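**Q**
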Amino acid sequence: MSEAEALASMLRSNTSLREGGEVARPATPVQTPDRRAPLLQFAGLSAGYFAHIGFFNPYLPLWLQELGFSLIAISLLSSVQSATRLFAPYAWGILSDRTGECVKLLRYGATAALVLSVALWFPLGGVGMFTVLLLMFAHTSAMMPMIEGALANLVSQGGAFDAGRYGRVRLCGSLGFLMAVMGAGWWFQRFGMSHFPAWVGATLVAVVFSAWLLPDQKDPDHSVKTHPDIWPVLRQPVVRWFFSAVFFHVLSHIFVFIFFSLYLDSLGYEKSVIGLLWAVSVLIEIGCFFTQGRWLSKLPLTAWLVLASALMVVRMGLTAGLPLVWPLLLLAQAMHAITFSTHHTVCIAMLSQHFPGRLRGRGQALYTVVGYGLPGVIGGLGGGVLSSNFGLGSVFWLSAVVAMVALGCTCRLRRLQRHPRNRQSRHDQPVGG
């Protein structure tokens with residue numbers, strides 16, 4: 035059975051993709067109550083977490099600009115979150131894999147970040163701001179891979195990943211993002227950026243509340259006192275090319291996450307319009323997550339990665355070359371459905387294949403480190419230097435070039451997956467040692 039046919043079978047008949055790659059029907063097609071309740075609680079946590087991210091990432095550069103920081107300093111401070119993703123997710127991932135106490139770690143991280151955010155109310159210089167953001171992000175950056183890992187485990191039955199249920203939970207995060215980015219855009223346009231610390235505190239309160247509502251249970255896999263080795267998995271060519279593709283694809287997005295608001299502001303767009311353009315991409319994202327069970331089976335997983343990178347080249351070309359032609363800018367933002375949403379779901383499905391069981395936490399953490407940590411630091415600092423010398427538009431031309439590199443990596447990954455020997459080895463290769 036081909037990869038596309040396997041995924042089609044999963045989505046048509048409530049069949050799920052096993053972590054090893056084969057297809058099997060869950061024992062009970064109807065979800066039991068003990069799984070529905072945690073899914074609702076994870077949906078609430080996803081909504082709260084992405085509401086926090088939804089306003090923080092787009093408007094942090096504008097707040098720092100109002101405080102008088104230079105463009106280089108803004109780039110550096112905006113890259114702190116990505117810098118913490120170089121070490122925090124994997125360190126917390128190891129702790130989660132070894133203890134199985136993912137929920138307790140989520141509660142601690144959210145509570146610590148809320149306490150630290152109080153410092154943003156006080157006057158801070160460059161060093162002080164760097165320190166506070168570093169400590170905050172060291173806790174919040176580790177939350178996403180743990181949430182994804184726990185959610186992937188929850189939506190899996192008998193070792194099978196259910197992309198449909200995953201998408202329905204994940205769209206709640208997109209709804210939270212949408213409401214936050216639109217609400218914050220309207221608020222900051224009307225009352226100014228001085229209320230930024232209040233928004234930080236309010237959204238983190240929502241995250242803390244949601245984290246404490248999660249059921250306090252330990253991953254059943256941790257009853258076995260074994261710690262599988264991750265290196266045999268990382269030595270697989272398919273896995274190496276997968277992470278290479280992720281690195282360059284997300285790097286092309288990092289320029290959008292950090293510089294898009296500044297870019298539009300420099301072109302004369304109002305803050306409410308900037309928020310609206312962010313909201314367009316999130317609305318499309320919500321529709322994507324809600325309906326992906328109907329069309330995700332049309333292409334194999336790796337083919338979706340190729341398409342996502344190809345569209346990212348087009349998206350960044352439009353953003354860099356025709357930013358004042360608003361219908362084309364809207365079209366570019368609408369491509370977010372494939373370049374981000376579909377790409378993310380496919381990545382989570384592939385991670386579940388290659389990093390099952392007690393490798394899941396480290397696999398998700400590596401995805402965050404390689405996909406968001408390294409690209410975030412390189413993109414933030416490199417983009418700051420580039421924009422200072424050649425203007426903000428040059429950052430998005432560079433993003434298009436990086437997306438072309440990602441396209442090359444995904445094409446190589448696609449060829450490896452289609453080769454019979456590599457496709458078979460994906461199932462038979464041991465995942466631990």
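Reading the sequence shown from the start, the letters are residues 35 to 467 in my numbering. Built from N, CA and C at the ideal position, the CB exists for glycine as well. Computed from a prediction, not measured in an experiment: that's the story for all the values here.
Residues in its own chain within less than 7 Å of Ser-375 by CB, not counting five upstream and five downstream?
**A** Glu-319, Cys-322, Phe-323
**Q** Threshold first: 4 residues or longer. Then list the alpha helix (DSSP H) segments lying entirely within the stretch 131-193, N to C.
**A** 136-151, 160-174, 177-188
**Q** Measure the alpha-carbon distance for Leu-450 versus Gln-223 and round it to whole angstroms.
**A** 50 Å
**Q** Compute the Euclidean distance between the alpha carbons of Phe-293 and Val-307, then round it to the nearest angstrom.
**A** 15 Å
**Q** Nearest to Phe-164 by CA position, among Thr-133, Phe-103, Trp-126, His-370, is which residue?
**A** Nearest C-alpha to Phe-164: Phe-103.
**Q** My assumption, with CB atoms under 8 Å, is that Ala-313 sits in contact with Leu-209. Please give the rounded CB distance.
**A** About 11 Å; that fails the 8 Å criterion.
**Q** Within 10 Å of its beta-carbon, does Arg-448 have 16 or more other beta-carbons around it, so buried, or fewer, so exposed?
**A** buried
**Q** Is the distance from the Cβ of Gly-407 to the Cβ of Ser-109 below 9 Å?
**A** no
**Q** Considering only C-alpha positions, which residue in the set Leu-311, Gly-235, Gly-410, Phe-121 is nearest to Phe-362?
**A** As written in the sequence, residue 362 is Leu, which differs from the Phe given in the question. It is Leu-311 whose Cα lies nearest to the Cα of Leu-362.
**Q** Going by DSSP in three states, Arg-334 sits in which element: helix, strand or coil?
**A** The sequence given here places Pro at residue 334; Arg does not occur at that position. It is coil, neither helix nor strand.
**Q** Determine the extent of the alpha helix (DSSP H) in which Glu-319 is found, giving its start and end residues.
**A** 305-329
**Q** Can you grab the Cα-Cα spacing for the pair Pro-92 / Ser-295, in whole Å?
**A** 6 Å
**Q** The alpha helix (DSSP H) spanning Ile-27 covers which residue range?
**A** No answer is possible for residue 27: the residues shown for the chain start at 35 and end at 467.
**Q** Tell whether a beta-carbon distance below 9 Å holds between Leu-345 and Met-384.
**A** no
**Q** In its own chain, which residues sit with a C-beta less than 6 Å from the C-beta of Arg-446, not counting the 5 before and 5 after it?
**A** Trp-275
**Q** Have a look at Met-247 and Val-149 and give me their C-alpha separation to the nearest angstrom.
**A** Note on residue identity: the sequence assigns Leu, not Met, to residue 247. Distance between the alpha carbons of Leu-247 and Val-149 is about 19 Å.
**Q** Less than 9 Å separating the beta-carbons of Ala-21 and Trp-431?
**A** Since the first residue shown for the chain is 35 and the last is 467, residue 21 is missing from the structure and cannot be characterised.
**Q** DSSP three-state label for Gln-398, please.
**A** Here Gln-398 sits in helix by DSSP.
**Q** Looking only at C-alpha atoms, which of Ser-421, Trp-97, Ile-181 sits nearest to Ser-130?
**A** Ile-181
**Q** With 16 as the cutoff for other CB atoms within 10 Å, does Phe-156 come out buried or exposed?
**A** Around the beta-carbon of Phe-156, fewer than 16 other beta-carbon atoms lie within 10 Å, marking it exposed.
**Q** Once the 5 residues before and after Ser-286 are set aside, which same chain residues still bring their CB inside 7 Å of it?
**A** Met-346, Met-350, Ser-433, Val-436, Ala-437, Ala-440
**Q** Evaluate Arg-396 with the Cβ neighbour count: other Cβ atoms within 10 Å of its Cβ, from every protein chain shown; 16 or more gives buried, anything less gives exposed.
**A** buried
**Q** For Ser-331 and Trp-338, what's the separation of their Cα atoms in angstroms?
**A** 10 Å
**Q** What number of angstroms, rounded off, separates the C-alpha of Val-161 from the C-alpha of Gln-387?
**A** 42 Å
**Q** The alpha helix (DSSP H) that contains Thr-373, what's its start and end?
**A** Element bounds for Thr-373: n/a, residue is neither H nor E.
**Q** Expressed to the nearest angstrom, what Euclidean distance is found between the alpha-carbon atoms of Ile-372 and Leu-168?
**A** Taking C-alpha positions only, Ile-372 is separated from Leu-168 by approximately 31 Å.
**Q** Assuming His-229 is part of the alpha helix (DSSP H), what are its boundary residues?
**A** Where His-229 is concerned, there is no enclosing alpha helix (DSSP H), given that its DSSP letter is neither H nor E.
**Q** Going by C-alpha distance, which of Val-242, Phe-171, Val-137 is nearest Asp-250?
**A** Closest by alpha carbon: Val-137.
**Q** By a C-beta neighbour count over all protein chains shown, 10 Å radius and 16 as the cutoff for buried, is Ala-399 buried or exposed?
**A** buried
**Q** Helix, strand or coil, according to DSSP, for Asp-250 in the structure here?
**A** coil
**Q** Check whether the Cβ atoms of Val-17 and Ser-175 sit closer than 9 Å, and answer yes or no.
**A** Nothing in the structure corresponds to residue 17, since the chain is present only between 35 and 467.
**Q** As a quick exercise: from Pro-231, Phe-289, Leu-364, Leu-352, pick the residue whose alpha carbon is nearest that of Val-152.
**A** The candidate whose alpha carbon is nearest that of Val-152 is Pro-231.
**Q** With a threshold of 7 Å on Cβ separation, who are the neighbours of Ser-112 within its own chain once the five nearest residues in sequence on each side are excluded?
**A** Leu-94, Pro-95, Ile-292, Gly-414
**Q** According to DSSP, is Asp-299 part of a helix, a strand, or is it coil?
**A** helix
**Q** If you count every other CB in all the chains shown that lies within 10 Å of the CB of Gln-367, and 16 or more means buried, which is it?
**A** buried
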